[in-house]
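In the working numbering, the protein residues as written are 24 to 246.
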(Lines of atoms letter the chains of each structure in order from A; the text may use other names.)
(Lines give C-alpha, C1' and ligand atoms only; values in the text may rest on other atoms or scores of the structure.)
Protein backbone atom coordinates (compact mmCIF):
# COMPACT_ATOMS: atom_id res chain seq x y z
CA UNK A 24 0.00 0.00 0.00
CA UNK A 25 1.25 3.45 -0.97
CA UNK A 26 -0.51 6.53 0.44
CA UNK A 27 -0.63 9.78 -1.54
CA UNK A 28 -1.36 13.21 -0.07
CA UNK A 29 -2.09 15.65 -2.92
CA UNK A 30 -0.87 19.13 -1.94
CA UNK A 31 -0.82 21.84 -4.57
CA UNK A 32 1.27 24.84 -3.61
CA UNK A 33 -1.43 27.39 -4.44
CA UNK A 34 -5.11 27.77 -3.64
CA UNK A 35 -7.41 30.50 -4.90
CA UNK A 36 -10.29 30.39 -2.40
CA UNK A 37 -8.20 29.68 0.72
CA UNK A 38 -4.68 31.09 0.31
CA UNK A 39 -1.98 28.54 1.21
CA UNK A 40 -4.78 26.20 2.29
CA UNK A 41 -2.63 23.10 2.62
CA UNK A 42 0.17 24.74 4.58
CA UNK A 43 -1.25 27.55 6.72
CA UNK A 44 -1.67 27.18 10.50
CA UNK A 45 -4.78 25.13 11.27
CA UNK A 46 -4.33 23.85 14.84
CA UNK A 47 -1.55 24.62 17.32
CA UNK A 48 0.96 25.44 14.60
CA UNK A 49 0.07 22.42 12.48
CA UNK A 50 -1.25 22.54 8.92
CA UNK A 51 -3.90 20.19 7.55
CA UNK A 52 -1.06 18.39 5.73
CA UNK A 53 0.79 17.90 9.03
CA UNK A 54 -2.36 16.55 10.68
CA UNK A 55 -3.11 14.09 7.86
CA UNK A 56 0.50 12.88 7.69
CA UNK A 57 0.54 12.22 11.45
CA UNK A 58 -2.62 10.10 11.12
CA UNK A 59 -1.15 8.05 8.27
CA UNK A 60 2.20 7.59 10.03
CA UNK A 61 0.39 5.68 12.79
CA UNK A 62 -0.74 3.12 10.22
CA UNK A 63 1.84 2.93 7.43
CA UNK A 64 5.65 2.99 7.21
CA UNK A 65 7.01 6.46 6.41
CA UNK A 66 8.60 5.16 3.21
CA UNK A 67 5.13 4.30 1.87
CA UNK A 68 3.67 7.81 2.29
CA UNK A 69 4.11 10.51 -0.38
CA UNK A 70 3.24 14.20 -0.61
CA UNK A 71 2.56 14.98 -4.27
CA UNK A 72 2.91 18.65 -5.21
CA UNK A 73 3.64 21.05 -8.03
CA UNK A 74 5.91 23.07 -5.69
CA UNK A 75 9.50 22.02 -5.06
CA UNK A 76 9.53 23.83 -1.71
CA UNK A 77 7.06 21.25 -0.36
CA UNK A 78 9.99 18.82 -0.29
CA UNK A 79 11.14 20.53 2.93
CA UNK A 80 7.77 19.80 4.55
CA UNK A 81 7.95 16.16 3.50
CA UNK A 82 11.46 15.95 4.90
CA UNK A 83 10.32 17.48 8.21
CA UNK A 84 7.56 14.88 8.45
CA UNK A 85 9.92 12.07 7.46
CA UNK A 86 7.91 11.04 4.40
CA UNK A 87 8.53 11.11 0.64
CA UNK A 88 8.14 14.00 -1.76
CA UNK A 89 6.81 13.57 -5.29
CA UNK A 90 7.13 16.43 -7.78
CA UNK A 91 4.36 16.22 -10.36
CA UNK A 92 4.98 16.40 -14.07
CA UNK A 93 3.94 19.76 -15.52
CA UNK A 94 0.86 18.30 -17.24
CA UNK A 95 -0.41 16.97 -13.91
CA UNK A 96 -0.29 20.47 -12.37
CA UNK A 97 -2.75 22.09 -14.78
CA UNK A 98 -6.28 22.88 -13.62
CA UNK A 99 -7.50 21.69 -17.03
CA UNK A 100 -6.08 18.17 -16.57
CA UNK A 101 -8.88 15.67 -15.76
CA UNK A 102 -8.63 14.48 -12.17
CA UNK A 103 -8.53 10.82 -13.13
CA UNK A 104 -5.40 11.54 -15.19
CA UNK A 105 -3.84 13.27 -12.18
CA UNK A 106 -4.54 10.30 -9.88
CA UNK A 107 -3.36 7.86 -12.54
CA UNK A 108 -0.28 9.87 -13.47
CA UNK A 109 0.87 10.43 -9.89
CA UNK A 110 0.29 6.88 -8.66
CA UNK A 111 1.96 5.23 -11.64
CA UNK A 112 5.08 7.35 -11.06
CA UNK A 113 5.43 5.91 -7.54
CA UNK A 114 7.03 2.56 -6.73
CA UNK A 115 4.84 -0.33 -7.82
CA UNK A 116 2.37 -1.70 -5.28
CA UNK A 117 -0.91 -3.62 -5.34
CA UNK A 118 -2.96 -0.65 -4.06
CA UNK A 119 -2.78 3.11 -3.55
CA UNK A 120 -4.60 5.26 -1.01
CA UNK A 121 -5.46 8.79 -2.20
CA UNK A 122 -5.99 10.99 0.88
CA UNK A 123 -7.40 14.53 0.82
CA UNK A 124 -6.11 16.81 3.59
CA UNK A 125 -9.09 19.13 3.11
CA UNK A 126 -11.29 17.05 5.42
CA UNK A 127 -9.29 17.16 8.68
CA UNK A 128 -12.12 15.84 10.87
CA UNK A 129 -12.04 12.42 9.20
CA UNK A 130 -10.11 9.91 11.32
CA UNK A 131 -11.19 6.43 10.27
CA UNK A 132 -8.21 5.45 8.14
CA UNK A 133 -7.47 2.49 10.41
CA UNK A 134 -10.97 1.06 9.94
CA UNK A 135 -10.79 1.58 6.17
CA UNK A 136 -7.43 -0.17 5.95
CA UNK A 137 -8.68 -3.14 7.99
CA UNK A 138 -11.77 -3.48 5.81
CA UNK A 139 -9.64 -3.24 2.67
CA UNK A 140 -7.27 -5.90 3.95
CA UNK A 141 -10.20 -8.31 4.49
CA UNK A 142 -12.13 -7.52 1.29
CA UNK A 143 -12.56 -10.06 -1.49
CA UNK A 144 -10.60 -8.28 -4.25
CA UNK A 145 -12.40 -10.32 -6.90
CA UNK A 146 -15.56 -8.42 -5.93
CA UNK A 147 -14.12 -4.97 -5.17
CA UNK A 148 -11.47 -2.87 -6.91
CA UNK A 149 -11.67 0.12 -4.57
CA UNK A 150 -12.90 1.52 -1.28
CA UNK A 151 -14.53 4.95 -1.11
CA UNK A 152 -15.67 7.01 1.87
CA UNK A 153 -19.18 8.46 1.85
CA UNK A 154 -21.43 10.12 4.43
CA UNK A 155 -25.07 9.11 5.01
CA UNK A 156 -27.40 12.13 4.94
CA UNK A 157 -31.12 12.78 5.24
CA UNK A 158 -32.03 16.23 3.99
CA UNK A 159 -35.01 18.05 2.52
CA UNK A 160 -33.58 18.33 -0.98
CA UNK A 161 -35.06 19.81 -4.14
CA UNK A 162 -34.12 18.86 -7.68
CA UNK A 163 -33.16 21.31 -10.46
CA UNK A 164 -36.87 22.08 -10.99
CA UNK A 165 -37.45 22.67 -7.26
CA UNK A 166 -39.38 19.43 -6.92
CA UNK A 167 -39.03 17.70 -3.54
CA UNK A 168 -36.86 14.58 -3.52
CA UNK A 169 -38.27 11.83 -1.33
CA UNK A 170 -40.98 13.91 0.34
CA UNK A 171 -43.97 16.04 -0.60
CA UNK A 172 -45.23 19.56 0.05
CA UNK A 173 -48.37 19.61 2.18
CA UNK A 174 -49.90 17.76 5.16
CA UNK A 175 -48.15 14.54 4.00
CA UNK A 176 -44.77 16.21 4.57
CA UNK A 177 -42.34 13.55 5.86
CA UNK A 178 -40.50 13.76 9.17
CA UNK A 179 -36.76 14.09 8.67
CA UNK A 180 -36.14 10.57 9.99
CA UNK A 181 -38.45 9.18 7.31
CA UNK A 182 -36.63 10.80 4.40
CA UNK A 183 -34.88 8.47 1.93
CA UNK A 184 -31.28 7.63 2.75
CA UNK A 185 -28.84 9.51 0.56
CA UNK A 186 -25.06 9.78 0.62
CA UNK A 187 -22.59 12.64 0.33
CA UNK A 188 -19.33 11.98 -1.51
CA UNK A 189 -16.46 14.34 -0.65
CA UNK A 190 -13.61 12.22 -2.09
CA UNK A 191 -12.14 12.21 1.42
CA UNK A 192 -10.16 9.05 0.87
CA UNK A 193 -10.09 6.30 -1.70
CA UNK A 194 -8.17 3.05 -1.94
CA UNK A 195 -7.61 1.86 -5.51
CA UNK A 196 -6.04 -1.28 -6.90
CA UNK A 197 -3.18 -0.80 -9.32
CA UNK A 198 -5.25 -2.55 -12.00
CA UNK A 199 -7.97 0.07 -11.69
CA UNK A 200 -5.48 2.93 -11.69
CA UNK A 201 -3.89 1.59 -14.88
CA UNK A 202 -7.33 1.14 -16.45
CA UNK A 203 -8.93 4.45 -15.45
CA UNK A 204 -7.48 6.26 -12.43
CA UNK A 205 -10.70 7.79 -11.15
CA UNK A 206 -11.15 8.26 -7.36
CA UNK A 207 -13.85 5.58 -7.27
CA UNK A 208 -13.37 2.21 -8.91
CA UNK A 209 -15.77 0.29 -11.11
CA UNK A 210 -16.66 -2.05 -8.21
CA UNK A 211 -16.33 0.05 -5.06
CA UNK A 212 -16.86 -0.90 -1.45
CA UNK A 213 -18.65 2.04 0.16
CA UNK A 214 -17.41 2.91 3.63
CA UNK A 215 -20.21 4.83 5.31
CA UNK A 216 -18.72 7.24 7.82
CA UNK A 217 -20.95 8.55 10.59
CA UNK A 218 -18.47 11.30 11.46
CA UNK A 219 -19.34 14.96 11.06
CA UNK A 220 -17.63 16.17 7.90
CA UNK A 221 -16.46 19.52 6.55
CA UNK A 222 -14.82 19.57 3.14
CA UNK A 223 -12.74 22.78 3.13
CA UNK A 224 -13.44 24.71 -0.05
CA UNK A 225 -13.61 28.36 1.02
CA UNK A 226 -12.76 30.56 4.00
CA UNK A 227 -16.09 29.92 5.73
CA UNK A 228 -15.39 26.17 5.55
CA UNK A 229 -11.88 26.81 6.85
CA UNK A 230 -13.04 28.74 9.91
CA UNK A 231 -15.83 26.27 10.67
CA UNK A 232 -13.45 23.31 10.35
CA UNK A 233 -10.96 24.99 12.70
CA UNK A 234 -13.64 25.49 15.35
CA UNK A 235 -14.95 21.93 14.97
CA UNK A 236 -11.45 20.47 15.14
CA UNK A 237 -10.59 22.54 18.23
CA UNK A 238 -13.80 21.33 19.90
CA UNK A 239 -13.03 17.73 18.97
CA UNK A 240 -9.49 17.93 20.37
CA UNK A 241 -10.66 19.60 23.59
CA UNK A 242 -13.28 16.88 24.05
CA UNK A 243 -10.68 14.19 23.45
CA UNK A 244 -8.37 15.73 26.04
CA UNK A 245 -11.22 16.12 28.52
CA UNK A 246 -11.16 19.93 28.58
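All C-beta atoms, glycine included, are put in the ideal place defined by N, C-alpha and C.
If one requires a minimum length of 3 residues, the beta strand (DSSP E) runs lying completely within the region 157 to 209 are 185 to 187, 192 to 196, in chain order. For residue 155 and residue 191, the gap between their C-alpha atoms comes out near 14 Å. The bridge partners DSSP lists for residue 122 are 192. Cβ-Cβ distances below 8 Å link residue 159 to 167, 170, 179, 182 in the same chain, with the five nearest sequence neighbours on each side left out; the list follows chain order. Annotation for residue 230: the continuous alpha helix (DSSP H) segment containing it runs 226 to 243. According to the DSSP assignment, residue 27 belongs to the beta strand (DSSP E) that extends over 25 to 29. Around the beta carbon of residue 126, a 10 Å sphere encloses 16 or more other beta carbons of the protein chains shown; the residue is thus reported as buried.
By the Cβ criterion, the region 142 to 151 is in contact with the region 195 to 212, since at least three pairs of Cβ atoms, one from each stretch, lie closer than 8 Å. Annotation for residue 185: 156 place their beta carbon closer than 6 Å to its own, counting only its chain and skipping 5 residues before and after.
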